[in-house]
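Notes follow the structure.
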Amino acid sequence: MVQANPPSTQGYRIGEAAAASGVSAANIRWYEKQGLVAPQGRGDNSYRLYSAADVHTLRFIRLCRAMDMSLDEVRTLLALDLRSKADCDAACVALDAHLGHVRERLRELRALEKDLLALRDCCDGSGPQCRIIETLHTRADAPLPGGERGTPATRHV
Numbered sequence: 034m035v036q037a038n039p040p041s042t043q044g045y046r047i048g049e050a051a052a053a054s055g056v057s058a059a060n061i062r063w064y065e066k067q068g069l070v071a072p073q074g075r076g077d078n079s080y081r082l083y084s085a086a087d088v089h090t091l092r093f094i095r096l097c098r099a100m101d102m103s104l105d106e107v108r109t110l111l112a113l114d115l116r117s118k119a120d121c122d123a124a125c126v127a128l129d130a131h132l133g134h135v136r137e138r139l140r141e142l143r144a145l146e147k148d149l150l151a152l153r154d155c156c157d158g159s160g161p162q163c164r165i166i167e168t169l170h171t172r173a174d175a176p177l178p179g180g181e182r183g184t185p186a187t188r189h190v
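See the structure below:
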């Protein structure tokens with residue numbers, strides 16, 4: 034585990050906050066622009082300074098993002114008070130909504146897996162040309178969902 038340098042007496046500089054939180058300096062700047070974290074100010078040298086609470090917030094964001102939560106979902110959770118019963122209910126609602134997104138994505142991934150397996154099964158490599166590539170070209174030439182037809186392209190055969 035990488036040890037962060039202890040914060041200066043004024044607070045953590047961005048590199049120290051990055052090391053302590055596991056969030057890159059570039060992402061810290063992005064989260065600032067998104068209004069998820071705000072440095073406590075600037076030091077005498079004009080460097081951004083972050084408090085221990087800011088570092089905790091960055092770790093909280095990193096954890097939520099690792100669970101594939103959107104910035105809006107993270108923003109919602111950050112705004113909640115862990116000591117409030119109403120906010121606990123709101124957290125449950127937010128998490129249930131995220132679970133719905135995850136379950137939908139799992140359905141999409143299972144369908145993609147079946148499609149990829151079927152595509153893979155259409156060619157064993159023994160024919161004169163690759164049936165996988167042929168199938169992909171055929172799909173590329175098929176009408177688009179709105180009824181428009183793609184322009185047939187030169188095939189690389």
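For the sequence shown, our numbering gives the first residue as 34, with consecutive numbering after it. For each residue, glycine too, the CB sits at the ideal point set by N, CA and C. Here the structure is a predicted model, which is why all the values come from computation and not from measurement.
{"Asked": "Three-state secondary structure assigned by DSSP to Tyr80", "Found": "coil"}
{"Asked": "Delimiting residues of the alpha helix (DSSP H) encompassing Leu104", "Found": "Leu104 to Leu111"}
{"Asked": "Distance between Asp157 and Ile61 (C-alpha atoms, nearest Å)", "Found": "48 angstroms"}
{"Asked": "Helix, strand or coil at Val35 according to DSSP, with G and I counted as helix", "Found": "Confidence at Val35 is low in this model, with a pLDDT of 47, below 50, so the placement of that residue should be treated as unreliable; the coordinate-derived value is given next. In this structure, Val35 counts as coil in the three-state DSSP scheme."}
{"Asked": "Alpha helix (DSSP H) runs wholly inside the region 131-190, at least 4 long, in chain order", "Found": "164-174"}
{"Asked": "Range covered by the alpha helix (DSSP H) that runs through Leu69", "Found": "Premise fails: Leu69 is in no alpha helix (DSSP H) and is neither H nor E."}
{"Asked": "Classification of Ile166 by the beta-carbon crowding that lies within 10 angstroms, buried from 16 upward", "Found": "exposed"}
{"Asked": "At least 3 beta-carbon pairs within less than 8 angstroms: the region 45-53 vs the region 75-90", "Found": "yes"}
{"Asked": "Of the residues Met100, Arg116, Asp120 and Ala99, the one placed nearest Thr109, counting alpha carbons only", "Found": "Asp120"}
{"Asked": "Element boundaries [alpha helix (DSSP H), containing Val88]", "Found": "Ala85 to Ala99"}
{"Asked": "9 angstroms Cβ cutoff met for Ala169 and Leu150", "Found": "Per the sequence shown, residue 169 should be read as Leu rather than Ala. For Leu169 and Leu150, no; Cβs fall outside 9 angstroms."}
{"Asked": "Residues bridged to Arg75 (per DSSP)", "Found": "Arg81"}
{"Asked": "Other residues of its chain near Phe93: CB distance less than 6 angstroms, five sequence neighbours each side excluded", "Found": "none"}
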